[in-house]
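Please read the structure below before turning to the comments.
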Amino acid sequence: MSKIASILASIALTLSPQVDKSFDVAKEKTYINEQTLVKTETRFSQKEIAESDPIGYETSYRDDENLEFGETKILNKGENGEEVKAYRITYYDEEILDKELINTEIKEPKNEVVLKGTKISWKKEDANRCGEFKYWHKYENVYMTTYTPQCLGCNAWTSIGLKAGYGIVAVDPKKIPYWTKVCIPGYGIAVAGDTGGAMRSYPGLLIDLGFPSLAPQDKWLTTGRYDMYILNNEDKRDRFFVGDLR
Numbered sequence: 001m002s003k004i005a006s007i008l009a010s011i012a013l014t015l016s017p018q019v020d021k022s023f024d025v026a027k028e029k030t031y032i033n034e035q036t037l038v039k040t041e042t043r044f045s046q047k048e049i050a051e052s053d054p055i056g057y058e059t060s061y062r063d064d065e066n067l068e069f070g071e072t073k074i075l076n077k078g079e080n081g082e083e084v085k086a087y088r089i090t091y092y093d094e095e096i097l098d099k100e101l102i103n104t105e106i107k108e109p110k111n112e113v114v115l116k117g118t119k120i121s122w123k124k125e126d127a128n129r130c131g132e133f134k135y136w137h138k139y140e141n142v143y144m145t146t147y148t149p150q151c152l153g154c155n156a157w158t159s160i161g162l163k164a165g166y167g168i169v170a171v172d173p174k175k176i177p178y179w180t181k182v183c184i185p186g187y188g189i190a191v192a193g194d195t196g197g198a199m200r201s202y203p204g205l206l207i208d209l210g211f212p213s214l215a216p217q218d219k220w221l222t223t224g225r226y227d228m229y230i231l232n233n234e235d236k237r238d239r240f241f242v243g244d245l246r
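In structure tokens, the structure reads:
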């Protein structure tokens, strides 16, 4: 008598006490086999999935003396890589019981190489409040604010010891070196001679125009976007900002 038959026979006797306990085991076995009373069904299942994550590429710059300062050219275009992980998931009904990593494939990124112009070409221009001048680089649509020596946190002297007011502009010295001479049409000729937290934290290029006071006759420009020409410090061109002005 098989073990399954024995168990079923025991269950049958327990549930039906009126059944004759002297039944023939062989008949019961035949009955079980013929009627196929035992049905096995698993509630476990498995499937395999893949998950991918991009791997960013890096960008490097190379100086190119054949390109004008401020110009860039992509030498090798970058491509993101990818990491693909394959998992075997085991479920009990709809619940995840196990997640096993079975394979990992990595496609390495292709780094980007950008040429950065260093060539200096002098040009002539004539602008309102600047007159005629020569410049070697022009920033277009730079975001500019205004300040006076009387503003909160300001004083009569700049961070490099110049008298604050008209003709002095505040900059981030890591993007526009101190003592750089500039022309801002509508404002005039000025020197980068001051700095401030707003300029240093701005992600692009921010210039703060100095005025003697808030009186209308002393402050004729408002916050906005203006062009700016660089008139000197060409020997420090590697310290000038190149990128998204924001």
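Numbering-wise (the UniProt record's numbering), the sequence shown opens with residue 1 and increments by one.
Think of the CB as a built atom: it goes at the ideal place given N, C-alpha and C, for glycine as much as any other residue.
Values in this document were obtained by computation on a predicted structure and should not be read as measured data.
Name the DSSP beta bridge partners of residue i, please?
| i | result |
| --- | --- |
| Trp136 | DSSP lists no partner for Trp136. |
| Ala192 | Val169 |
| Met144 | Ile207 and Gly224 |
| Ile49 | Tyr87 |
| Pro54 | Glu82 |
| Val182 | Ala190 and Ile230 |
| Lys116 | Asp63 and Thr72 |
| Trp157 | Lys163 |
| Asp93 | For Asp93, which the question treats as bridged, DSSP gives no partner whatsoever. |
| Asn103 | Ala86 |
| Lys219 | Answer is none; Lys219 lacks a bridge partner. |
| Asp98 | Thr90 |
Using 10 angstroms around the beta-carbon of residue i, count the other beta-carbons present and answer buried if the total reaches 16, otherwise exposed.
| i | result |
| --- | --- |
| Gly197 | exposed |
| Ile96 | exposed |
| Asn233 | buried |
| Arg237 | buried |
| residue 251 | Coverage of the chain is limited to positions 1 through 246, which leaves residue 251 absent and any answer about it impossible. |
| Lys134 | exposed |
| Ile176 | buried |
| Ile230 | buried |
| Ala156 | exposed |
Strictly under 7 Å for the Cβ-Cβ distance: is residue i near chain B by that measure?
| i | result |
| --- | --- |
| Glu125 | In the displayed structure, chain B is absent; only one protein chain is listed. |
Could you check whether residue j and residue i sit closer than 7 Å to each other, using their CB atoms as the reference points?
| i | j | result |
| --- | --- | --- |
| Ile89 | Lys73 | no |
| Gly117 | Leu162 | no |
| Asn141 | Arg225 | yes |
| Thr146 | Asp194 | no |
| Pro109 | Tyr57 | yes |
| Met228 | Ile160 | no |
| Pro54 | Glu79 | no |
Quick check: what's the CA-CA separation for residue i versus residue j?
| i | j | result |
| --- | --- | --- |
| Thr222 | Gly188 | 14 Å |
| Thr148 | Gly186 | 17 Å |
| Asn76 | Arg62 | 11 Å |
| His137 | Asp126 | 14 Å |
| Asn103 | Glu112 | 29 Å |
| Asp218 | Gly243 | 33 Å |
| Leu101 | Tyr87 | 4 Å |
| Trp220 | Thr180 | 23 Å |
| Ala215 | Cys151 | 13 Å |
| Arg129 | Leu115 | 36 Å |
| Gly70 | Tyr91 | 58 Å |
| Lys85 | Tyr202 | 39 Å |
| Lys107 | Ile49 | 18 Å |
| Asp235 | Lys124 | 19 Å |
| Asp93 | Ser52 | 26 Å |
| Cys154 | Ala164 | 9 Å |
| Trp122 | Ser213 | 35 Å |
| Phe23 | Glu41 | Confidence at Phe23 is low in this model, with a pLDDT of 37, below 50, so the placement of that residue is unreliable and no value is reported for it. |
| residue 280 | Ala190 | In the structure as shown, the chain begins at 1 and stops at 246. Residue 280 is therefore absent and cannot be evaluated. |
| Lys47 | Glu65 | 58 Å |
Is residue i near the ligand ZN - that is, is its Cβ less than 6 Å away from at least one heavy atom of it?
| i | result |
| --- | --- |
| Ala50 | The ligand ZN is absent from the structure shown, which contains no ligands of any kind. |
| Looking at C-beta atoms only, is the number of pairs between the region 199-216 and the region 157-174 that lie closer than 8 Å three or more? | Taking 8 Å as the limit for Cβ pairs, the verdict is that the region 157-174 does touch the region 199-216.
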